[in-house]
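Input: a single structure, listed below in structure tokens.
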């Protein structure tokens, strides 16, 4: 039996009226959505709420505090790199343990200040808090994936946890994957209509969760360890398969729709990092043609190193002409050592 489930059922909303009225409206819709999920027999791993960018900083902080719930993840704070202040980041992250922040980095002239922001945050926040902070290059993107999730149009979007079905798909049995996506999209579309919202679509990105490893599929396609030479070809091939699924089904898509390799979330990838088969250089260079970002990477707390990663990822974004994300976890530890992250277990400090 497949382990596939909805990774995130995400509600994209825009504030209206007073904060209290908006909070009541969101909570009411969310409670109805949860009831419908049970009624329709959907298997949902997480519920998420996403707010739009370009709201005043203090307003975003208040919304974060008011919308915070134990059963929901919240992408509530979006800020441009030229406006971000470390004290605001600290306030948002500390006000709600389930809140996420996106920093938009549109141009190269803001790289230094962004890297320096990390040097200040290292002294003030726990390493686990860095898992809730992402850089979106060069713009925001509508996706159910956190931390970069953003709202432009109200509605519901979906991300999937379907590594096992995709592994079956690449081995030649396409039917289980196709049937699952068709059925899921049909039910989510019905759910959205019944709560008076639009179904925005699916982000078909293939993302791991611990033992549900995306790297295992890449290695199957290539026949060698990731990230030995040839791995870029395998990732590109996997991206093409993701695109084929999306195009064949004709269901609306949002977001990235590519291979995601968050290091801390893929057990086999963590092994490859620990043994030195995958380096920071590998992940950074792969971004230029086949990855959606350098994600959930634990690295030395070296501002110059952080700056270099951001430079290369921004360059990759220019080459690809697409949004790419960065989520770094800087630590005061040596390469090859391990740190313990909540929810993710032991994660190796990547070698450069």
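Residue numbers (this note's numbering): 16 to 367.
For each residue, glycine too, the CB sits at the ideal point set by N, CA and C.
Just to confirm, are residue 318 and residue 365 a CB contact at a threshold of 8 Å? no
Express the C-alpha separation of residue 224 and residue 277 in angstroms, rounding to a whole number. 9 Å
Residue(s) in a DSSP beta bridge with residue 79: Partner(s): none; residue 79 has no beta bridge.
Take the Cβ of residue 334 as the centre, count every other Cβ of all protein chains shown within 10 Å, and call the residue buried at 16 or more, exposed below. exposed
Residue 63, DSSP secondary structure in three states: strand
According to DSSP, what are the bridge partners of residue 47? Answer is none; residue 47 lacks a bridge partner.
From residue 368 to residue 125, what does the alpha carbon distance come to, in whole angstroms? Residue 368 lies beyond the stretch modelled for the chain, which goes from 16 to 367, so this question has no answer here.
Quick one, which of 121, 76 and 114 has its alpha-carbon nearest residue 97's? 121
Candidates 72, 308, 259 and 23, of which the one nearest residue 184 by Cα: 259
Is it the case that the Cβ atoms of residue 21 and residue 199 are separated by a distance below 8 Å? yes
Taking its Cβ as the centre, do 16 or more other Cβ atoms sit within 10 Å of residue 301, making it buried, or is it exposed? buried
In three-state terms, what does DSSP make of residue 96? coil
At a cut of 8 Å, does the stretch 343-363 reach the stretch 167-179 through at least three beta carbon pairs? no
Cα-Cα, which of 26, 217 and 56 is closest to residue 42? 26
Look at the alpha carbon of residue 118 and the alpha carbon of residue 167, and state the distance between them as a whole number of angstroms. 16 Å
Contiguous beta strand (DSSP E) assignments of at least 3 residues, all confined to the stretch 168-253: 170-176 and 214-218
What is the rounded straight-line gap between the Cα of residue 327 and the Cα of residue 36? 44 Å
Output yes or no for whether 8 Å exceeds the beta carbon distance between residue 284 and residue 293. yes
Would you mind stating whether residue 314 and residue 343 have Cβ atoms separated by less than 8 Å? yes
Residue 340 vs residue 291 beta-carbon contact at 8 Å: no
Segment limits, alpha helix (DSSP H) that includes residue 133: 126-136
Could you check if residue 351 is buried or exposed, using at least 16 other CB atoms within 10 Å of its CB as the buried criterion? exposed
From residue 19 to residue 189, what does the alpha carbon distance come to, in whole angstroms? 14 Å
By Cβ distance, which residues of its chain are closer than 6 Å to residue 240, with the 5 residues on each side in sequence left out? 292
If you run the structure through DSSP and keep just helix, strand and coil, what is residue 57? coil
With a cut-off of 8 Å, do at least 3 Cβ pairs link the stretch 101-109 to the stretch 81-88? no
Tell me, please, which residues DSSP counts as bridged to residue 115. 90
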